[in-house]
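In order, the protein sequences belong to chains A and B.
Going by numbering that gives the first Met the number 0, 97 is the number at position 98 of the first sequence; the sequence numbering is gapless.
Going by numbering that gives the first Met the number 0, 78 is the number at position 79 of the second sequence; the sequence numbering is gapless.
Beta carbons: idealized from backbone N, C-alpha and C, even for Gly.
There are 2 protein chains.
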Amino acid sequence: MESSVQDNIRSQMRKGLVEYCILNMLARKESYVSEIIEELKDADMIVVEGTLYPLLIRAKNQGLLSYRWQESPQGPPRKYYFITEEGRKVLACMDGIWTGIINSVDKIRRGE
Amino acid sequence: MESSVQDNIRSQMRKGLVEYCILNMLARKESYVSEIIEELKDADMIVVEGTLYPLLIRAKNQGLLSYRWQESPQGPPRKYYFITEEGRKVLACMDGIWTGIINSVDKIRRGE
DNA sequence: ATAACTACCTTGTATTGCAAGATATTTATA
DNA sequence: TATAAATATCTTGCAATACAAGGTAGTTAT
């Protein structure tokens with residue numbers, strides 16, 4: 000199935016990071032899957048449904064997110080996810096981790 | 000076995016990134032496992048043997064790295080890894096991917 | 001009725017990081 | 001000569017995530 004080293008790296012580098020991005024988005028405003036995917040695409044961060052649904056369920060089970068149903072102007076009802084207080088705490092922690100990772104990579108790239 | 004959400008996130012965020020860091024280090028000078036681990040630790044990027052050995056073998060099999068044996072002043076001989084021309088090409092590509100990821104996360108954090 | 005659209009969700013695979021081991025060489029010491 | 005310590009190498013099994021490729025169901029227009 001021909002997958003280049005580069006494609007794989009791109010995928011691997013994003014492990015865990017997608018959750019961080021989604022918590023960030025939902026910390027600003029609640030949203031549902033299709034809309035989340037569109038907004039991530041606008042930021043050049045492609046994510047597909049098969050990634051997003053399990054992620055949202057995991058985050059909900061961990062108490063980081065919650066959701067509510069809402070009628071759609073057209074089509075079936077939408078499941079709007081929003082961040083919880085616990086989610087905001089974890090997000091703040093993730094901010095520190097992300098900053099730390101950027102600093103570490105930078106040190107290594109510059110040769111310490 | 001008590002593992003916090005934060006510990007997990009830290010681990011996941013680093014998927015793929017460790018390879019990028021090691022290619023960067025080996026692009027500057029050849030090195031062997033214990034030394035690589037020490038230098039990563041100096042940059043606050045903790046990596047253990049069980050992570051590093053499989054990674055180096057994979058990168059060698061992909062043609063990104065090669066190695067040579069060298070006697071040690073004390074103890075068993077060391078396996079010095081160094082980057083190949085192909086490895087440098089992939090590293091250049093990964094630079095772009097990493098920069099792109101930082102930009103994407105930044106956009107999302109700022110609210111697009 | 002039926003098709004198109006939108007929304008939901010699941011299953012199986014590939015990949016990686018890590019804990020917890022095992023094995024082998026050299027050197028110092030009892 | 002044993003034996004312990006230090007320094008290397010490497011493997012196995014598990015947990016976690018991203019993705020491809022599916023499936024189900026409600027709403028609306030033809």
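{"Check": "Proximal residues of chain A, C-beta to C-beta of R9 of chain B below 7 angstroms", "Outcome": "I96"}
{"Check": "Chain B residues whose Cβ lies nearer than 7 angstroms to that of A42 of chain A", "Outcome": "S103, K106, I107 and E111"}
{"Check": "For Y31 of chain A, the residue or residues it bridges with in DSSP", "Outcome": "Bridge partners of Y31 of chain A: none, in fact."}
{"Check": "Start-to-end residues for the beta strand (DSSP E) that takes in R87 of chain A", "Outcome": "Note, R87 of chain A: premise wrong, no beta strand (DSSP E); alpha helix (DSSP H) at E84 to R109."}
{"Check": "Cβ contact (3+ pairs, closer than 8 angstroms) linking the region 13-28 of chain A and the region 20-36 of chain B", "Outcome": "no"}
{"Check": "Continuous alpha helix (DSSP H) stretch holding R57 of chain A: start and end", "Outcome": "E48 to N60"}
{"Check": "Limits of the beta strand (DSSP E) - the one that R67 of chain B falls within", "Outcome": "L64 to Q69"}
{"Check": "K59 of chain B to I8 of chain A span [Cα, whole Å]", "Outcome": "15 angstroms"}
{"Check": "Coarse secondary structure for K78 of chain B, derived from DSSP in three states", "Outcome": "strand"}
{"Check": "Proximity to G62 of chain B [Cα-Cα], best of B:Q69, B:L54 and B:W68", "Outcome": "B:L54"}
{"Check": "Chain-ordered chain A contacts of E38 of chain B [CB-CB under 9 angstroms]", "Outcome": "I107 and E111"}
{"Check": "C-beta neighbour in chain B for C100 of chain A, strict 8 angstroms", "Outcome": "Correcting the residue type first, residue 100 of chain A is Ile in the shown sequence and not Cys. It does; some Cβ of chain B falls within 8 angstroms."}
{"Check": "Burial state of E38 of chain A, where buried means 16 or more other Cβ atoms lie within 10 Å", "Outcome": "buried"}
{"Check": "Beta-carbon proximity list for R77 of chain B, same chain, < 6 angstroms, skipping 5 on both sides", "Outcome": "Y31, Q69 and S71"}
{"Check": "8 angstroms Cβ cutoff, V4 of chain B in contact with chain A", "Outcome": "yes"}
{"Check": "CB contact below 8 angstroms: K14 of chain A versus chain B", "Outcome": "yes"}
{"Check": "Cα-Cα separation between R87 of chain A and D94 of chain A, rounded to whole angstroms", "Outcome": "10 angstroms"}
{"Check": "Beta-carbon proximity list for Y79 of chain A, same chain, < 8 angstroms, skipping 5 on both sides", "Outcome": "E29, S30, Y31, Y66, R67, W68 and Q69"}
{"Check": "Environment of V104 of chain B [buried if 16+ CB atoms lie within 10 Å]", "Outcome": "buried"}
{"Check": "Any non-hydrogen atom of the ligand PLP within 7 angstroms of E111 of chain B CB", "Outcome": "As presented, the structure is devoid of all ligands, the ligand PLP included, so that no description of it is given."}
{"Check": "Cβ of M0 of chain A within 8 angstroms of any chain B Cβ", "Outcome": "Reliability fails at M0 of chain A, whose pLDDT of 37 lies under 50, so the model's placement of it is uncertain and no value is given."}
{"Check": "Chain-ordered neighbours of R27 of chain A on chain B, where CB pairs are closer than 8 angstroms", "Outcome": "G110"}
{"Check": "Separation of V4 of chain B from E48 of chain B, as counted between CA atoms", "Outcome": "24 angstroms"}
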